[in-house]
Structure formats: C-alpha cells, structure tokens
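Asks: The structure that follows is given in the form of structure tokens.
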Amino acid sequence: MPRDDPALLFKKFHMTEDTIMLLRHTPKEITERNALAINPAKTCQPIGAMYAALGIHGCLPHSHGSQGCCAYHRSALTRHYKEPVSAATSSFTEGASVFGGQANMLQAIDNIFAVYDPEVIAIHTTCLSETIGDDLKQIKKKADAEGKIPKGKEIISCSTPSYVGSHVTGFSSMVTSMAKMAEPTGKKNGKLNIIPGWVEPADMEEIKRLVGLAGVKSILFPDTSGVLNGPLSGEYKMFPDGGTTVKELKSTGDSIGTLALGEWCSGEAARWLDAKMKVPCRVLDMPFGLSATDRFIDALRMIAGVSVPDEIALERGQLVDMISDMHQYLYHKKVALVGDPDQLIAMTEFLVSLDMCPIHIVTGTPGKKFEARIKEITKDMPFEVNVRAKGDMFLLHQWIKNEPVDLLIGNTYCKYIARDEDIPFVRWGFPILDRQGHQYFPTVGYKGGLRLLEKILGVLLDRLDRDAPEQSFELVL
Ligand code: SF4
C-alpha cells in the first residue's frame with residue numbers, strides 16, 4: 005500500500021476525516037468579538053520600523069527593549085527575506101524594566117558606533133520601553149550632549165508601542181522619522197521624492213526602473229533593494245550596498261515634490277515634508293494592477309512633462325492582452341483577501357477590473373477609512389463585500405465557511421485555511437515563510453501585474469485540471 009494512502013494513515017494514527025482539519029475548531033457561526041484576536045492579520049509595530057530602517061544605506065536598526073523582542077523582529081524579517089537581518093537591542097533586564105532603559109541605550113550607542121560604525125542608528129521602541137515611558141528624544145539629546153554621537157553620524161528614532169497599530173504603523177512612523185532628516189538648503193535639487201511604502205525589494209527596483217524610463221530624477225526612500233535581495237557573493241557585508249543614503253535623505257527637503265505610494269505606509273511622511281519643508285505631495289495608491297499603475301505612470305509623465313515612453317506602453321499592452329486572453333477563467337470568481345491596507349486597496353481594484361469578485365477582505369491594521377475605500381471600489385460588484393479593518397484570520401475563515409470562495413490571496417498563514425477549505429491559494433504580502441521569489445520578482449507596475457495574473461491563473465487552472473472529468477480534461481486552455 006502507498007505510504008501516503010489516507011486510509012492507511014487514518015487507521016495507523018486513529019485519525020478521522022475531521023482530525024486532519026488543522027483549523028477544525030473554527031465554527032461557522034460568527035460571534036462578535038471586541039477584546040480578542042484569533043490568528044491576527046498583523047504583526048508588531050517594531051517589525052515595520054525595522055524593515056523601513058533597513059532601507060537606509062549603512063543603517064543599524066536598534067530595538068529599545070528586551071532581547072526577546074529584537075530576536076523576534078529579526079527572525080520575522082529573516083524568515084521572509086531569507087537574508088541575515090542585523091539589529092541591536094538595549095537588552096533590558098529587570099533593572100531597566102523597572103527604572104527605565106536610558107543607561108542601556110547610552111551604553112548601546114557607545115558600543116554600536118565603536119564596534120559596527122554604522123552611518124545611522126535607527127531606534128524604535130517596544131511595548132516594554134513604551135510602558136515605562138522612556139523618552140527617546142531626550143535620550144538622544146543626552147547622548148549628543150555627552151559627545152556619544154560621532155561627527156557625521158546620525159541617530160533617528162520613532163515610537164512603536166505594539167499594543168496599538170500594527171507593523172504598518174511602525175513602518176510609517178520610521179519613514180516619517182526619515183523624512184525628518186531633511187535639511188533644506190533653499191536650492192531645489194530637481195528630484196522627486198518617492199515613498200514606495202512596504203513593498204518588496206524587487207518592487208522598489210521596479211519602481212526605480214519605471215521612474216527612470218519616464219525620465220524623472222528621484223530619491224526613493226526607504227529603498228531595501230540591494231539590501232534584502234542581495235547576491236551570495238561569498239563575502240559578508242555588515243552593511244550591504246543598497247539603501248537610501250543619508251545625503252539623499254537630507255536632500256529630500258530640496259526636492260520638487262513627493263509621490264507617496266499608499267496612504268497607510270507613506271502618507272504621513274509625505275505630508276510632513278509638505279507642511280514643514282514646503283515640498284508639495286501627492287498620495288497615490290500603490291501601483292499594483294492596471295489602474296493604480298496607470299495613475300502612477302500618469303503622475304510621473306505629468307511631472308516630467310513627457311508622453312508615456314514606448315517601453316512602458318508596450319508593457320501595459322502586454323498586461324491588457326493577457327487579461328483579455330484569459331478573462332473567461334477570471335469572470336465572477338469569488339476571492340478572499342488578507343493583508344495590509346495599502347496593498348489590499350490596490351489588489352481589490354485590480355481584481356474588480358478583472359471582473360473577479362473580492363467578497364471577503366480583512367486587514368489587522370486599524371482604520372475605518374480602509375473599509376469605506378474597499379466598499380467604494382466594490383460597489384458595482386454583483387455580490388456584497390465583507391470587509392473588516394482590525395479583523396483577524398479567524399473571522400476571514402468564518403466568512404469563507406459561510407460563503408465559499410474560488411481563490412484565497414494572502415500571506416503564508418492562509419495556508420491553513422486553504423488546506424482545510426480546499427481553496428486555490430496565491431501567496432502575496434507579508435510574511436511569506438514557505439516559498440521563494442517575492443524578493444526577486446516584482447508585483448508592482450505592469451510587469452508585476454503580469455506576474456500577479458500569472459500566479460492567479462496558475463492556481464485557478466491547476467484546480468480546473470484537477471477537478472476536470474476525463475472527457476473535458478483539456479490540453480489547450
Ligand atoms: S512585546 Fe511588544 S514589541 Fe516585543 S515582540 Fe511582543 S508585541 Fe512586539
């Protein structure tokens with residue numbers, strides 16, 4: 005008998021059909037919960053702050069709290085990007101937890117500059133240091149007064165208490181701290197600031213390529229390309245070649261404008277530069293899918309005062325071609341989505357433009373504006389949408405049990421729902437812990453849209469093949 009024969013397994017391990025359902029305790033009946041999240045659709049604020057900080061060249065992120073927090077943040081990023089993630093910690097013990105972590109932080113600043121010599125230390129707080137009430141700005145002032153910050157080196161910081169917000173809020177806070185490094189000279193630099201939001205390193209490369217094709221000079225921040233998708237060269241570099249330089253960050257106050265991609269991740273930083281540095285900003289959606297990319301390219305074209313370059317027009321045409329070739333396999337397919345607000349807004353719009361029906365949408369990040377935006381995008385869909393900000397994957401699973409879907413899109417944690425409910429599944433978002441490629445292949449822009457569409461069609465057509473009776477098992481689809 006084959007080793008994986010289910011009948012044999014059931015007998016050997018006294019299993020029943022029911023016991024192989026990993027989420028078998030999720031009931032179909034939905035009870036309103038306010039004080040409890042089950043299988044959260046978010047992670048903690050410092051992870052976002054740490055990811056953003058890695059997008060500065062020569063930056064060492066620093067976690068002001070216990071070693072355990074820092075180890076978790078680093079491992080979460082390492083597992084997703086498959087790259088070593090270096091970060092320092094204030095290593096709180098009982099004393100710091102009671103009396104505050106200033107002494108630890110000052111010692112850390114001394115040690116970090118002496119041993120690792122980074123250009124920037126980017127400090128974020130944790131639940132513990134926030135609960136004590138440590139004031140990072142005051143600690144930085146003290147470090148400065150005591151001559152602990154070498155000339156030409158920088159310390160930036162942000163507050164990231166994880167009992168509010170999410171990894172998205174932490175990312176946004178660190179990006180805003182980067183914007184605050186601006187030192188305007190009064191002379192414009194002719195560049196456009198682009199804040200890409202939490203996208204993959206490959207997406208940041210793709211955004212730079214599109215901006216270059218449009219003939220726009222830019223400062224992209226943060227920029228994790230070349231940091232978290234670098235090559236295996238045989239030589240360890242504490243600080244990889246990529247990342248936005250301190251010089252560029254200081255120059256953002258002299259830029260001609262700012263394009264922020266995604267309200268949740270990038271809006272606050274762009275508006276700070278607008279209000280304080282008089283650098284006018286526009287907040288666009290992240291350029292996932294056809295329409296959001298159209299708006300991004302149009303904005304670049306207007307800024308550069310040029311027509312859309314032929315190369316970009318060709319890529320758009322290829323995406324439209326694939327959509328029209330395969331539309332019959334997408335039409336009215338129901339989709340469940342989980343992820344972060346900026347990504348979900350653009351993805352929902354893309355799916356609706358494909359005539360698909362995203363009917364269950366959950367993010368763990370708070371913000372009622374998200375629900376309103378999703379309802380607006382899906383208002384002409386033939387089905388009602390279930391949408392929840394500050395929701396969790398338990399609720400998403402319950403919605404799916406009540407109204408099944410043809411496709412699930414989200415991070416690796418969705419695999420449990422996909423397995424139990426037997427749903428085709430596309431991994432997209434953060435974190436992806438069990439597959440490769442997200443660091444290297446972009447999903448933004450028209451080329452990224454082709455990749456997203458290829459992934460969606462791949463799982464839908466695999467399912468069609470799997471379930472086809474022999475008389476309609478087609479060679480050509
Ligand atoms: S204690 Fe707070 S900051 Fe630390 S890992 Fe947990 S949620 Fe994150």
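5 is the number of the first residue of the sequence shown in this note's numbering; add one for each residue after it. No residue lacks a Cβ here, since even glycine has one placed at the ideal position from N, Cα and C.
Could you give the residue range of the alpha helix (DSSP H) that holds C361?
Replies: Here C361 belongs to no alpha helix (DSSP H); instead the beta strand (DSSP E) covers 361-367.
Asks: Can you tell which of E187, Q71, G395, D121 has its C-alpha closest to the C-alpha of L341?
Replies: Of E187, Q71, G395, D121, the residue nearest in Cα terms is G395.
Asks: Assign H336 to one of two classes, buried (16 or more other C-beta atoms within 10 Å of its C-beta) or exposed (fewer than that).
Replies: It is exposed - the Cβ of H336 has fewer than 16 other Cβ atoms within 10 Å.
Asks: Give me the Cα-Cα distance between Q475 and L481, rounded to the nearest whole angstrom.
Replies: Those two C-alpha atoms are separated by around 14 Å.
Asks: Put I24 into one of helix, strand or coil per three-state DSSP.
Replies: The answer is helix: DSSP assigns I24 an H, G or I state.
Asks: For D138, which residues in the same chain have their Cβ closer than 8 Å to its Cβ, ignoring the five residues on either side in sequence?
Replies: Here the set comprises H68, G104, G105, Q106, M109, T129.
Asks: Helix, strand or coil: which one does DSSP assign to D396?
Replies: Strand, per DSSP.
Asks: Any heavy atom of the ligand SF4 inside 7 Å of the beta-carbon of G169?
Replies: No, the beta carbon of G169 sits no closer than 7 Å to any heavy atom of the ligand SF4.
Asks: Could you spell out the range, first to last residue, of the beta strand (DSSP E) harbouring C285?
Replies: Start and end: 285-288.
Asks: Sort W268, A147, Q440, S95 by Cα distance to D114 and report the nearest one.
Replies: Cα-wise, what sits closest to D114 is A147.
Asks: Cβ of P50 versus every heavy atom of the ligand SF4: is any distance shorter than 7 Å?
Replies: Flag set: Cβ of P50 near the ligand SF4.
Asks: Cα separation between L437 and Q443?
Replies: Approximately 12 Å, taken between the alpha carbons.
Asks: Does the stretch 282-294 come close enough to the stretch 343-357 that 3 or more CB-CB pairs lie under 8 Å?
Replies: Verdict: yes, contact present.
Asks: What is the DSSP secondary structure of R439, reduced to helix, strand or coil?
Replies: Note: R439 maps to coil in three-state DSSP.
Asks: Taking only three categories from DSSP, how would you classify F429?
Replies: DSSP places F429 in strand when its eight states are reduced to three.
Asks: Three or more C-beta pairs under 8 Å: does that hold for the stretch 89-100 against the stretch 143-163?
Replies: Touching, no, given that fewer than three Cβ pairs across the two stretches are closer than 8 Å.
Asks: Which of the three DSSP states is assigned to S67 in this structure?
Replies: Looking at S67 - three-state DSSP - the assignment turns out to be strand.
Asks: Check whether the Cβ of T248 lies closer than 7 Å to any heavy atom of the ligand SF4, and answer yes or no.
Replies: No; taking the cut-off as 7 Å, the Cβ of T248 has no heavy atom of the ligand SF4 nearer than that.
Asks: For E158, which residues in the same chain have their Cβ closer than 8 Å to its Cβ, ignoring the five residues on either side in sequence?
Replies: Taken in chain order, the residues that qualify are E123, V124, I125, M185, V250.
Asks: Among L81, F117, Q71, which one has its Cα closest to the Cα of E98?
Replies: If we check each option's Cα against that of E98, Q71 comes out closest.
Asks: Per the contact definition of three or more C-beta pairs closer than 8 Å, is the stretch 186-202 in contact with the stretch 267-281?
Replies: In short, these stretches touch, since the Cβ pair count reaches three.
Asks: Report the three-state DSSP secondary structure of V172 (helix, strand or coil).
Replies: Helix, per DSSP.
Asks: Which of the three DSSP states, helix, strand or coil, is assigned to A565?
Replies: Nothing in the structure corresponds to residue 565, since the chain is present only between 5 and 481.
Asks: On the DSSP letters alone, give me the boundaries of the beta strand (DSSP E) that L341 sits inside.
Replies: Element bounds for L341: 338-343.
Asks: So G414 is in the beta strand (DSSP E); what residue range does that whole segment cover?
Replies: That run of the beta strand (DSSP E) goes 411-414.
Asks: Confirm the yes/no value for this check: CB of S166, any heavy atom of the ligand SF4, distance under 7 Å.
Replies: S166 Cβ: within cutoff of the ligand SF4.
Asks: Going by beta-carbon coordinates alone, are P408 and E425 separated by less than 8 Å?
Replies: Yes.
Asks: Quick check on this structure: which residue in S255, R213, H331, D329 has the alpha carbon closest to the alpha carbon of I301?
Replies: With distances taken between Cα atoms, I301 lies closest to R213.
Asks: Using the three-state DSSP reduction, which class does G452 fall into: helix, strand or coil?
Replies: Three-state result, G452: helix.
Asks: Is it a yes or a no for the stretch 166-185 touching the stretch 234-243, going by three-plus beta-carbon pairs under 8 Å?
Replies: No: the two stretches stay apart, fewer than three of their Cβ pairs being nearer than 8 Å.
Asks: Take the Cβ of L224 as the centre, count every other Cβ of all protein chains shown within 10 Å, and call the residue buried at 16 or more, exposed below.
Replies: So L224 counts as buried.
Asks: Suppose you measure from the CA of V379 to the CA of G368; what does that come to, to the nearest Å?
Replies: A quick correction: the sequence has Lys, not Val, at residue 379. The alpha-carbon atoms of K379 and G368 are separated by roughly 17 Å.
Asks: For V366 versus M330, is the C-beta spacing smaller than 8 Å?
Replies: No, the Cβ-Cβ distance between V366 and M330 is not below 8 Å.
Asks: Compute every distance between the C-beta of L40 and the non-hydrogen atoms of the ligand SF4, then say whether any falls below 7 Å.
Replies: Every heavy atom of the ligand SF4 is 7 Å or more from the Cβ of L40, so no.
Asks: Report yes if the C-beta distance between A112 and S133 is below 8 Å; otherwise report no.
Replies: Not closer than 8 Å, so no.
Asks: Going by beta carbon distance, what residues of the same chain come within less than 8 Å of K191, once the five residues before and after it are set aside?
Replies: D258, listed in sequence order.
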